[in-house]
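Chains as they are written, first to last, in this note's numbering: chain A, 1 to 219; chain B, 1001 to 1116.
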Amino acid sequence: MTKPKRSSGAWLRSPLASAYLQSLRRELATWCRDPDEIEVIVQEIESHLAEARHSGESVASAIRLLGPPRELAESYAVVSFESRRSRSSQLAAAWASASRVAQTAAAGIMIALAAGTSVLSFVLGLGAILGAVVLPFVPARLLEPTLRLGLPQLVVLLAGALLLTLAFALGRWLVHHLRLLRRGRATQTRADAARDRHPAAGLIPFPKPTVDPEEELRS
Amino acid sequence: MTDDWNAQVRRGLLELCVLSILDRETTHGYRIVTRLAACEPLAANEGTVYPILRRLRKRSLLDATWEESPAGPPRQVYRLTRSGRLRLDALRQQWRDLSLAVDQLVDDREAREAAT
């Protein structure tokens, strides 16, 4: 943005205004590292003082209404901090959203793997147990040689039992996490609905009480 | 405590007031300050207005250009952007909803007090 040339004659900066603007520049430099930004702020305040004087107001009165340079600089600092916090909160929100998607995707993959493993374990375990129980009674001539693993019956039974236990454990884990996922979505939906019911949320910051209200009423 | 509350409420409403003024006219900071000062309940510390203008500009709700001034140094003139108008519409609606809700609460309490 290009600034026009200074208008000649009308504004003669008073010593009071000069001192005020110098102090303001110094206070701004305590938190603002950008000299261009400091200069723009100081020039705007100088313009304000000039307009006030042009309107018939005294420079001293205009300075009093602006407030001490330190407080004015602090107001600008708060605004700058809010902008930075807003930007970082937007980034944080985006990161949180991406994390949620990644977590959901990872959870989905884990659930699919767990479900597949659970089903496979169940089938194998049941098959092993049935095989261990039934096979000794089936005549050898009816069985293909490959079906006889040569393992003791007890070992096959134990393996089957382990596989079934694994299948049930994975099944319980699956049910538990599916319930958690459903509950998490319900909580988020209730929070969003509550926020939507209060349109004033965020418009006016309610002051934090500095005294106990009951104590104040008693006094 | 009432003064603190009053100051907090005015500070919260300042953005709405500044955007409303700029909706009517493209103007500079001193004019905005004097417009606010003309409404006594809204008279804000002048040191509060300029940082708010800066914040609104950083959020692209306002545009600012320098122009010559008969008072001497150039002055920044502000105007609403399209985003600023959308923001103003949203704040206006929020203000209507809020003031309606508060009025209902306050009127309800006054009616009960009058009945007792």
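Heads up, the beta-carbon is just placed ideally off N, CA and C, and yes, glycines get one too.
First through last residue of the beta strand (DSSP E) which encompasses residue i
i	result
Asp1063(B)	1062 to 1069
Cross-strand partners of residue i (DSSP beta bridge)
i	result
Val1077(B)	His1028(B), Thr1065(B)
Glu1084(B)	Per the sequence presented here, residue 1084(B) reads as Gly, with Glu not at that position. DSSP, once it has assigned bridges, lists no residue as partnering Gly1084(B).
Gly125(A)	Answer is none; Gly125(A) lacks a bridge partner.
Gly1072(B)	Ser1069(B)
Sequence-distant residues of its chain with Cβ nearer than 6 Å to residue i (five each side left out)
i	result
Arg1031(B)	none
Arg1024(B)	none
Ala128(A)	Val156, Ala159, Gly160
Leu1091(B)	Leu1016
Thr1065(B)	Val1077
Leu1056(B)	Leu1062
Ser23(A)	Pro69
Arg53(A)	Val59
Ala92(A)	none
Endpoints, the alpha helix (DSSP H) within which residue i is located
i	result
Ser47(A)	35 to 54
Pro15(A)	15 to 29
Ser61(A)	59 to 66
Val1049(B)	1046 to 1058
Close-in-space but distant-in-sequence residues of the same chain around residue i (CB under 7 Å, 5 per side omitted)
i	result
Leu21(A)	Val42, Ile45, Glu46
Glu1067(B)	Pro1074, Arg1075, Val1077
Leu135(A)	none
Thr146(A)	Low confidence applies to Thr146(A): its pLDDT is 49, below 50, so where it sits in the model is not reliable enough to give any reading.
Candidates the options: closest to residue i by CA position
i	options	result
Val78(A)	Ala94(A), Arg64(A), His176(A), Thr30(A)	Thr30(A)
Leu154(A)	Ile63(A), Gly56(A), Pro68(A), Gly131(A)	Gly131(A)
Ala114(A)	Leu72(A), Ser99(A), Leu174(A), Ala94(A)	Leu174(A)
Ser61(A)	Leu16(A), Val40(A), Phe81(A)	Leu16(A)
Leu1062(B)	Cys1017(B), Ala1007(B), Thr1081(B)	Thr1081(B)
Gly1072(B)	Glu51(A), Ser75(A), Trp95(A), Arg70(A)	Glu51(A)
Arg179(A)	Ala96(A), Val101(A), Leu65(A), Ala107(A)	Ala107(A)
Leu66(A)	Leu49(A), Gly56(A), Ser55(A), Ser80(A)	Leu49(A)
Leu1053(B)	Leu181(A), Ala96(A), Tyr76(A)	Tyr76(A)
Glu71(A)	His177(A), Ala98(A), Arg100(A), Arg26(A)	Arg26(A)
Ile1021(B)	Gln1008(B), Glu1067(B), Leu1036(B), Arg1011(B)	Leu1036(B)
Glu74(A)	Thr1048(B), Ala1038(B), Cys1039(B), Asp1004(B)	Thr1048(B)
Glu1040(B)	Ala1007(B), Tyr1050(B), Ala1114(B), Pro1051(B)	Ala1007(B)
Lys1058(B)	His54(A), Glu37(A), Glu57(A)	Glu37(A)
Glu1046(B)	Pro1070(B), Val1018(B), Gln1093(B), Ser1060(B)	Val1018(B)
Val56(A)	Thr1034(B), Ser1060(B), Pro1051(B), Thr1026(B)	Note on identity: in this sequence residue 56(A) is Gly, with Val being the wrong assignment. Nearest option by C-alpha distance: Thr1034(B).
Gly171(A)	Ser14(A), Leu120(A), Arg13(A)	Leu120(A)
Thr117(A)	Arg182(A), Cys32(A), Ala169(A), Leu28(A)	Ala169(A)
Arg1010(B)	Asp1103(B), Asp1108(B), Trp1095(B)	Trp1095(B)
Val101(A)	Arg13(A), Leu181(A), Glu39(A)	Leu181(A)
Phe81(A)	Val138(A), Ser99(A), Cys32(A), Pro139(A)	Cys32(A)
Ser1069(B)	Thr1027(B), Asp1097(B), Val1106(B)	Thr1027(B)
Neighbourhood of residue i by C-beta, 8 Å cutoff - its chain only, sequence neighbours within 5 removed
i	result
Asp34(A)	none
Arg1085(B)	Asp1023
Ile63(A)	Leu16, Ala17, Tyr20, Leu49
Ile111(A)	Leu174, His177, Leu178
Gly1159(B)	Not covered by the structure: residue 1159(B). The range shown for chain B is 1001 to 1116.
His198(A)	With a pLDDT of 46 at His198(A), under the threshold of 50, the predicted position of this residue should be treated as unreliable, and no value is reported.
Proximity test, residue i beta-carbon vs the ligand SAH heavy atom, cut-off 7 Å
i	result
Ser58(A)	As for the ligand SAH, it is missing from this structure, which has no ligand bound.
Quiz prompt | Segment contact flag, the segment 161 to 169 of chain A with the segment 109 to 126 of chain A, C-beta cutoff 8 Å, min 3 pairs | solution = Contact between the segment 161 to 169 of chain A and the segment 109 to 126 of chain A is present, because at least three Cβ pairs lie under 8 Å.
Quiz item: Between the segment 87 to 107 of chain A and the segment 1078 to 1094 of chain B, do at least 3 Cβ pairs fall closer than 8 Å?
Solution: Here the segment 87 to 107 of chain A makes no contact with the segment 1078 to 1094 of chain B; the two share fewer than three CB pairs at distances below 8 Å.
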